[in-house]
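As structure tokens, the structure follows; a few thoughts come after it.
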Amino acid sequence: MTVPATLAPEFTPRAAFTVVLVGMPGAGKTSVGRRLAQRLGLPFKDADSEIEAAAGQPITEIFARYGEAHFREGERRVIGRLLEGPPIVLATGGGAFNDPETRAAVKTNGAAAIWLRCGMQTLLRRVSGRATRPMFLNADPVEVLSRLMAARHPIYAEADIVIDCLDDESPEATTEKVAAAIGNWGPPSRLPVTLGERTYDILVGPGLLSRAGALIAPVLPAKRVAVVTDATVAPLHLDTLRQGLESAGIEIRAAVTVPSGEASKSIASFAQVLEELLAAGVDRRTTIIALGGGVVGDLAGFAAAAALRGLPFIQMPTTLLAQVDSSVGGKTGINLKAGKNLAGAFHQPRIVLADTGALSTLPVRELRAGYAEVAKHGLLHGAMWDWCETFGARAVAGDAAALRHAVLESCRLKAGVVAADEREESAEGGRALLNLGHTFGHAIEAECGYDGTLLHGEGVAIGLGLAARLSARLGYCDAALPLRVEAHMASVGLPARIRDLPRGFTVEALMARMRKDKKVRDGALRFVLLRAPGDVFTAGDVPAGTVEALLREEGCAG
Numbered sequence: 138m139t140v141p142a143t144l145a146p147e148f149t150p151r152a153a154f155t156v157v158l159v160g161m162p163g164a165g166k167t168s169v170g171r172r173l174a175q176r177l178g179l180p181f182k183d184a185d186s187e188i189e190a191a192a193g194q195p196i197t198e199i200f201a202r203y204g205e206a207h208f209r210e211g212e213r214r215v216i217g218r219l220l221e222g223p224p225i226v227l228a229t230g231g232g233a234f235n236d237p238e239t240r241a242a243v244k245t246n247g248a249a250a251i252w253l254r255c256g257m258q259t260l261l262r263r264v265s266g267r268a269t270r271p272m273f274l275n276a277d278p279v280e281v282l283s284r285l286m287a288a289r290h291p292i293y294a295e296a297d298i299v300i301d302c303l304d305d306e307s308p309e310a311t312t313e314k315v316a317a318a319i320g321n322w323g324p325p326s327r328l329p330v331t332l333g334e335r336t337y338d339i340l341v342g343p344g345l346l347s348r349a350g351a352l353i354a355p356v357l358p359a360k361r362v363a364v365v366t367d368a369t370v371a372p373l374h375l376d377t378l379r380q381g382l383e384s385a386g387i388e389i390r391a392a393v394t395v396p397s398g399e400a401s402k403s404i405a406s407f408a409q410v411l412e413e414l415l416a417a418g419v420d421r422r423t424t425i426i427a428l429g430g431g432v433v434g435d436l437a438g439f440a441a442a443a444a445l446r447g448l449p450f451i452q453m454p455t456t457l458l459a460q461v462d463s464s465v466g467g468k469t470g471i472n473l474k475a476g477k478n479l480a481g482a483f484h485q486p487r488i489v490l491a492d493t494g495a496l497s498t499l500p501v502r503e504l505r506a507g508y509a510e511v512a513k514h515g516l517l518h519g520a521m522w523d524w525c526e527t528f529g530a531r532a533v534a535g536d537a538a539a540l541r542h543a544v545l546e547s548c549r550l551k552a553g554v555v556a557a558d559e560r561e562e563s564a565e566g567g568r569a570l571l572n573l574g575h576t577f578g579h580a581i582e583a584e585c586g587y588d589g590t591l592l593h594g595e596g597v598a599i600g601l602g603l604a605a606r607l608s609a610r611l612g613y614c615d616a617a618l619p620l621r622v623e624a625h626m627a628s629v630g631l632p633a634r635i636r637d638l639p640r641g642f643t644v645e646a647l648m649a650r651m652r653k654d655k656k657v658r659d660g661a662l663r664f665v666l667l668r669a670p671g672d673v674f675t676a677g678d679v680p681a682g683t684v685e686a687l688l689r690e691e692g693c694a695g
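Numbering (the working numbering), first residue to last: 138 to 695.
This is the structure in structure tokens:
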């Protein structure tokens, strides 16, 4: 496989984005918007003023002469035009966000929608006696506000950020709250995984868990979910996710927590998750959310595939390894005594939310282990390998921009491969190439017993070096490539060779593990090999004796 070199060796920070203020009449969108625009150094636009300028008449007259439907159509066009331009702060009319085309335009153009949520008394004080608000002319303002709040609040909840405005709060104080919230927000990068009617998006960026409700609402069959997580992730991120879901009116039927670690990818944990989900009353319109690393994603995904013969599923990966690899592509499963991932199903998610802000909570060892998959993608891509050698250490050190770039480009590569070979059916290439380093890595990991002695990514790191050494031994690549791969693994703190591990292995045991690998066909071992970074292929004719000799050379007994 040769992937086009589309990566720049450096990565650039995101550009400024448009801020769209939504909320009820009297919420203070215009007064806050003007102050916010000045603070952010952006132009301010008021949608109602823009509509009046375009129509040449006040909104009250547009309503009186042409009706609300005509006004809404013009409002939609004006807001759409403003969103397509350079970044601004935009104050919208109270009903603008209710239009689905307008909400879609906000999302498509990478704008941040902010709901200024006010209580009845605050709104009543601000709208009473205002002749410029057509809906309140000759009407009881309490009745009008009650009706509008009931209709609009569930839709406002789809905004990216919700700001609660206190009754006695000044516009300056509200502006401060909005500015602080924006500082922690960035429009997520959106990548499609193109699979026909099962096409879904991968969203990459910081702060996605806190606004998960608004981001996932469009793909939910019903506003109810069940969350599967683990004992380490739950205290760190479950409350944030819960608030993000509840702000959008999404009910959490259950939150199932399993022990942390690879041992939870077991038949026992699989049964536990199924029993707890069904006891909570999930039905076929309840979406299962996997909140955690690769173990949780694989386990929850398999449970979603099996429960009631298939439930909708969403991945919210919180580890680097899961964000760059296991959360994308629909592979789910558990481990058996015979080997890793030997029971499972292909079950594609509805959406993947890769919140890169969650990576700041990872221990250094977990971050390094996840980076091994980034390095694998680099070797598959070629140009990305150059980036890894230049900037990989920054990613492992926790640099936010480097991590976001690593996740985004890894997901871009994997999305393309999965779209071309969803179920790994191509014998010579396609999705099977993503197993580079994994035949060796899985065998070493399984032999360690999934007890935490060796993390999956650490096994992959060693496997990448072994795959390169096997490629060189068979004459496919330059003899310098294995040294280059191993040097990079070591430079970011990963084990580079089997001899770096504190325990020993036998050739017989590792060969037995590899013969049980899912990729074995007709009893023949299959390896992903390299000619050079960016030029990889699958080989099914590697002599077992050559592999055994390599393992002995690496210090394995036997």
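Idealized CB from N, CA, C, for every residue including glycine. Predicted, not measured: the structure shown is a model, and the values here were computed from it.
Contacts around residue i, its chain only, beta-carbon distance under 8 angstroms, and the 5 residues preceding and following it disregarded
| i | result |
| --- | --- |
| residue 636 | 691 and 692 |
| residue 298 | 249, 250, 251, 252, 315, 318, 319, 322 and 348 |
| residue 404 | 471, 473 and 480 |
Residue nearest to residue i in terms of C-alpha spacing, selected from the options
| i | options | result |
| --- | --- | --- |
| residue 621 | 641, 599 and 547 | 599 |
| residue 609 | 383, 666 and 482 | 666 |
| residue 511 | 519, 500 and 525 | 525 |
| residue 462 | 553, 426, 343 and 411 | 553 |
| residue 342 | 325, 303 and 358 | 325 |
| residue 227 | 333, 192, 156 and 469 | 156 |
| residue 262 | 376, 448, 192 and 306 | 306 |
| residue 628 | 364, 638 and 527 | 527 |
| residue 184 | 176, 232 and 614 | 232 |
| residue 124 | 313, 355, 247 and 644 | Lying before the first or after the last residue shown, residue 124 is absent from the chain, which here runs from 138 to 695. |
| residue 238 | 213, 382, 410 and 688 | 213 |
| residue 219 | 205, 613, 196 and 180 | 180 |
| residue 353 | 330, 386, 507 and 523 | 386 |
| residue 685 | 651, 656 and 224 | 651 |
Assigned exposure category for residue i - 16 Cβ within 10 Å defines buried
| i | result |
| --- | --- |
| residue 474 | exposed |
| residue 374 | buried |
| residue 139 | Confidence at residue 139 is low in this model, with a pLDDT of 38, below 50, so its placement is unreliable and no value can be given for it. |
| residue 487 | buried |
| residue 572 | buried |
| residue 351 | buried |
| residue 358 | exposed |
| residue 283 | exposed |
| residue 287 | exposed |
| residue 514 | buried |
| residue 175 | exposed |
| residue 675 | buried |
| residue 464 | buried |
| residue 276 | exposed |
| residue 654 | buried |
| residue 454 | buried |
| residue 519 | buried |
Same chain, Cβ closer than 6 angstroms to residue i, five either side skipped, listed in chain order
| i | result |
| --- | --- |
| residue 396 | 368 |
| residue 152 | Note that residue 152 has pLDDT 45, beneath the 50 cutoff, so the model's placement of it is unreliable and no number is given. |
| residue 492 | 345 and 346 |
| residue 626 | 598 and 633 |
| residue 596 | 578, 581 and 582 |
| residue 143 | Confidence in residue 143 is poor, its pLDDT being 43 and thus under 50, which makes the residue's placement too unreliable to answer from. |
| residue 668 | 613 and 614 |
Sheet register partners of residue i (DSSP bridge)
| i | result |
| --- | --- |
| residue 241 | DSSP lists no partner for residue 241. |
| residue 521 | DSSP, once it has assigned bridges, lists no residue as partnering residue 521. |
| residue 388 | 361 |
| residue 699 | With the chain represented from 138 up to 695, any question about residue 699 goes unanswered, as that position is not in the structure. |
| residue 658 | 661 |
| residue 470 | 481 |
| residue 639 | Beta-bridge pairing links residue 639 to no other residue. |
| residue 394 | 366 |
| residue 454 | 429 |
| residue 597 | DSSP output for residue 597 lists no bridge partner at all. |
| residue 629 | Residue 629 is not bridged to any residue. |
| residue 181 | 226 |
| residue 251 | 158 and 298 |
| residue 476 | 473 |
C-beta neighbour in chain B for residue i, strict 8 angstroms
| i | result |
| --- | --- |
| residue 502 | In the displayed structure, chain B is absent; only one protein chain is listed. |
Residues near residue i in its chain [Cβ-Cβ closer than 7 angstroms; skip 5 each side]
| i | result |
| --- | --- |
| residue 701 | Outside the displayed range of the chain (138 to 695) lies residue 701, so it cannot be described from this structure. |
| residue 623 | 602, 633 and 634 |
| residue 278 | 261, 264 and 265 |
| residue 379 | 389 |
| residue 167 | 183 and 228 |
| residue 641 | 694 |
Residue i: CB within 7 angstroms of a non-hydrogen atom of the ligand COA
| i | result |
| --- | --- |
| residue 391 | The ligand COA is not among the ligands present in this structure, which contains no ligands whatsoever. |
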